[in-house]
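Chains as they are written, first to last, in the numbering used here: chain A, 42 to 302; chain B, 42 to 302.
Number of protein chains: 2
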Amino acid sequence: MNAPTGHSDGTVGKALDVLEAVAAAGRPVRFSELLATKRWPKATLYRLLQTLTNQGMLVQDAREGTYRLGLRLVQLAHRAWSSATIAPVAGPFVDRLAATLGRTVHLACLDHGQVLYLDKRSARTPLPMYSDAGKVGPAYCTGVGKAMLAFLPEAALRSALRAQAFDTHTPATITSAEALLDELAQIRDAGLAFDREEHEPGIICIAAPIRAATGEPLGALSVTSSTLRDRLEDLAALGPDLMTATTDISAALHPWAHPDP
Amino acid sequence: MNAPTGHSDGTVGKALDVLEAVAAAGRPVRFSELLATKRWPKATLYRLLQTLTNQGMLVQDAREGTYRLGLRLVQLAHRAWSSATIAPVAGPFVDRLAATLGRTVHLACLDHGQVLYLDKRSARTPLPMYSDAGKVGPAYCTGVGKAMLAFLPEAALRSALRAQAFDTHTPATITSAEALLDELAQIRDAGLAFDREEHEPGIICIAAPIRAATGEPLGALSVTSSTLRDRLEDLAALGPDLMTATTDISAALHPWAHPDP
DNA sequence: CCGCTTTGTTTCAAATAGCGGAACCTGGTT
DNA sequence: AACCAGGTTCCGCTATTTGAAACAAAGCGG
Numbered sequence: 042m043n044a045p046t047g048h049s050d051g052t053v054g055k056a057l058d059v060l061e062a063v064a065a066a067g068r069p070v071r072f073s074e075l076l077a078t079k080r081w082p083k084a085t086l087y088r089l090l091q092t093l094t095n096q097g098m099l100v101q102d103a104r105e106g107t108y109r110l111g112l113r114l115v116q117l118a119h120r121a122w123s124s125a126t127i128a129p130v131a132g133p134f135v136d137r138l139a140a141t142l143g144r145t146v147h148l149a150c151l152d153h154g155q156v157l158y159l160d161k162r163s164a165r166t167p168l169p170m171y172s173d174a175g176k177v178g179p180a181y182c183t184g185v186g187k188a189m190l191a192f193l194p195e196a197a198l199r200s201a202l203r204a205q206a207f208d209t210h211t212p213a214t215i216t217s218a219e220a221l222l223d224e225l226a227q228i229r230d231a232g233l234a235f236d237r238e239e240h241e242p243g244i245i246c247i248a249a250p251i252r253a254a255t256g257e258p259l260g261a262l263s264v265t266s267s268t269l270r271d272r273l274e275d276l277a278a279l280g281p282d283l284m285t286a287t288t289d290i291s292a293a294l295h296p297w298a299h300p301d302p
Numbered sequence: 042m043n044a045p046t047g048h049s050d051g052t053v054g055k056a057l058d059v060l061e062a063v064a065a066a067g068r069p070v071r072f073s074e075l076l077a078t079k080r081w082p083k084a085t086l087y088r089l090l091q092t093l094t095n096q097g098m099l100v101q102d103a104r105e106g107t108y109r110l111g112l113r114l115v116q117l118a119h120r121a122w123s124s125a126t127i128a129p130v131a132g133p134f135v136d137r138l139a140a141t142l143g144r145t146v147h148l149a150c151l152d153h154g155q156v157l158y159l160d161k162r163s164a165r166t167p168l169p170m171y172s173d174a175g176k177v178g179p180a181y182c183t184g185v186g187k188a189m190l191a192f193l194p195e196a197a198l199r200s201a202l203r204a205q206a207f208d209t210h211t212p213a214t215i216t217s218a219e220a221l222l223d224e225l226a227q228i229r230d231a232g233l234a235f236d237r238e239e240h241e242p243g244i245i246c247i248a249a250p251i252r253a254a255t256g257e258p259l260g261a262l263s264v265t266s267s268t269l270r271d272r273l274e275d276l277a278a279l280g281p282d283l284m285t286a287t288t289d290i291s292a293a294l295h296p297w298a299h300p301d302p
């Protein structure tokens, strides 16, 4: 569907395409299935799968010759998560907020105009709801997404807007760039964003951006609930706690001035 | 240090080596640092970094030209985690166990003789302790590790043993293959493994394997505590609950007989 | 039991993509 | 200005990758 790949550069690009294809399947895939999805030359695909497999990026199930993503990816991602995102710093604050409010808290960042969830703390009632670390979602119809978009600099915002699908998920979904810009202006004023069942019916949330000293959004934090439990006003009442958390995280993130000897 | 890479195959192999090198640094690295770590030709390294960067596997910080792991890895890993591991199935049971026992629960699997943590539920007292999804650890001195080793078939066990470092972490660490084999025999009998402060002083745990119908270990579950809170006997008392969880997970894993229409 | 299809693996000459030494920038330091 | 360190680009050489086609190995239907 959406390929983050600009223009396939060389062998490595192709290999990553294959990896992505396996990922896209979301289940073990047979050689011939992959061959069918894209118009790859047989031998080429075979060789790439071979290479990826003995690199641990893929695992081949000998039983019925299917390929699935390898655990090496999980290892690499852990290091990406802990060394290249705000998640490890934000962690304790997310904990605290979730415990204080007794609701589900999400930590997310923006990647190519999409929301990428970095962490989550469930309420003690772990109501089944999608999103976990590594999961991606739309920006234009989620609390965290809008909170970040609202504080994006002009240029970045424009390219992010172009990446929005504006699909209609619920009757409340914002489905045009114009309407979204209005909403973002309001969010900028309030410093808070709401999801009024715009993504999933019955699911509402309040979100706030985590901003760098320069003002640009580094991520966002949201408190999610369901319409069965809370009304929007109830969530709004949690705003101060939420903003305390986000500013605390910003502060913790700041000390970009400590080289270690 | 330890390269899971067997013999570098082609360009893709080299690219993944570079990726691994960035990961190994655990922080943003400058071009010259990478150049120093391995004896790569300048131009080659440059090109590979370039490729990886515009593939989203790396991100280049324009500010001071450093490279760090890209978020695309986190996305891919999420799909690996949710489509190629037992984690999504085990999740609810891990939740329940952690809630029931009020202690930290870990879900792990074995990868190349090392323990790879797949999930974790903290006790409400989130005592800082390492290990999270994606983190790797030693097998010979952890509860989950030993629980899985104990039920490995002959051949797999031998190769796993060869991968053990047998470093001494604490006075209680098992430091020889012979001693470990004795321990594994006991674990096989009991169906349960203990970590008696073998990895970290003050940290103890009880663990049980999650086994396939064939008997081979698919993963392991552990309940961790500290010597300040529990003695080994206290943990042993939790054994039945733990084993209920592992057998439940095994059962949930079984229905390999439901094709969807 | 035997052709026939489907799926996966290997070969090999041709072409291309990657290689890497060396030259070349660029910005900071002496 | 001369120097230097870190980074980027050039470019001819060759190792790697390429992919059509031949080959193996399962199914399968008659």
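Ideal Cβ positions, reconstructed from N, Cα and C, are used throughout, including at glycine.
Beyond the five residues adjoining it in sequence on each side, residue 92(B) comes within less than 7 Å, by CB distance, of 56 in the same chain, given in chain order. Among the CB atoms of chain B, one or more fall inside 7 Å of the CB of residue 118(A). Taking the beta carbon of residue 282(B) as reference, no residue of chain A falls within 9 Å; the closest one sits roughly 18 Å away. By a beta-carbon distance limit of 8 Å, residue 204(B) contacts residue 153(B). Their separation comes to about 6 Å. Residues of chain B with a Cβ closer than 8 Å to the Cβ of residue 112(A) are, in chain order, 121, 125, 126, 150, 152, 157.
Contact check for residue 247(B) and residue 269(B): beta-carbon distance about 16 Å, past the 8 Å limit, so the pair fails to qualify. The beta carbon of residue 107(A) sits closer than 7 Å to the beta carbons of 69, 70, 71 from its chain, once the five residues preceding and following it are set aside; these are given in chain order. For residue 59(B), the nearest beta carbon of chain A is not closer than 7 Å to its own beta carbon. Of all alpha-carbon atoms in 96(A), 197(A), 276(A), the one lying nearest the alpha-carbon of residue 53(A) is that of 96(A).
Here residue 89(B) has 55, 56, 59 as same chain residues with Cβ atoms under 7 Å from its own Cβ, once five neighbours each way along the sequence are excluded. Ranked by Cα distance from residue 139(B), the options 195(B), 101(B), 282(B), 214(B) are led by 282(B). For residue 67(A), the neighbours in chain B by C-beta distance under 7 Å run, in chain order, 120, 124.
Residues of the same chain with a CB within less than 6 Å of the CB of residue 213(A), apart from the 5 flanking positions on each side, are 237, 238, 239 in chain order.
Under the DSSP definition of a beta bridge, residue 107(A) partners with 71(A), 102(A).
Residue 185(A) and residue 188(B) have their C-alpha atoms spaced approximately 41 Å apart. Residue 52(B) reaches chain A at 51, 52, 53, counting residues in chain order whose Cβ is nearer than 8 Å. Chain B has no Cβ within less than 7 Å of the Cβ of residue 227(A).
The residue from 176(A), 160(A), 183(A) with its alpha-carbon nearest to that of residue 173(B) is 160(A). When secondary structure is reduced to three states using DSSP, residue 215(B) falls in the coil class, being assigned neither helix nor strand. Listed along chain A are 125, each with a C-beta nearer than 8 Å to that of residue 100(B). At a beta-carbon threshold of 7 Å, the residues of chain A lying near residue 176(B) are 119, ordered along the chain. In the DSSP annotation of this structure, the continuous segment of the alpha helix (DSSP H) that includes residue 187(A) starts and ends at 184-190. For residue 119(B), the enclosing alpha helix (DSSP H) has its first and last residue at 112-125.
The C-alpha of residue 75(A) lies about 29 Å from the C-alpha of residue 293(B). For residue 87(A), the enclosing alpha helix (DSSP H) starts and ends at 83-94. Each residue's CA atom was taken as its position, placing residue 110(A) and residue 261(B) some 20 Å apart. Assignment of beta-bridge partners to residue 161(A) by DSSP yields 147(A). Residue contact check for residue 107(B) against chain A: no CB pair falls below 7 Å. Taking 7 Å as the cut-off, the Cβ atoms of residue 264(A) and residue 104(A) do not count as close. Out of 117(A), 130(A), 85(A), the CA that lies nearest to the CA of residue 51(A) is found in 85(A). Short of 8 Å from the beta carbon of residue 164(A), and not among the five residues preceding or following it, lie these beta carbons of its own chain, in chain order: 139, 143, 144, 145. Between residue 175(A) and residue 115(B), the C-beta gap is smaller than 7 Å, which places the two residues in contact. Here residue 271(B) carries a coil assignment [DSSP, helix/strand/coil].
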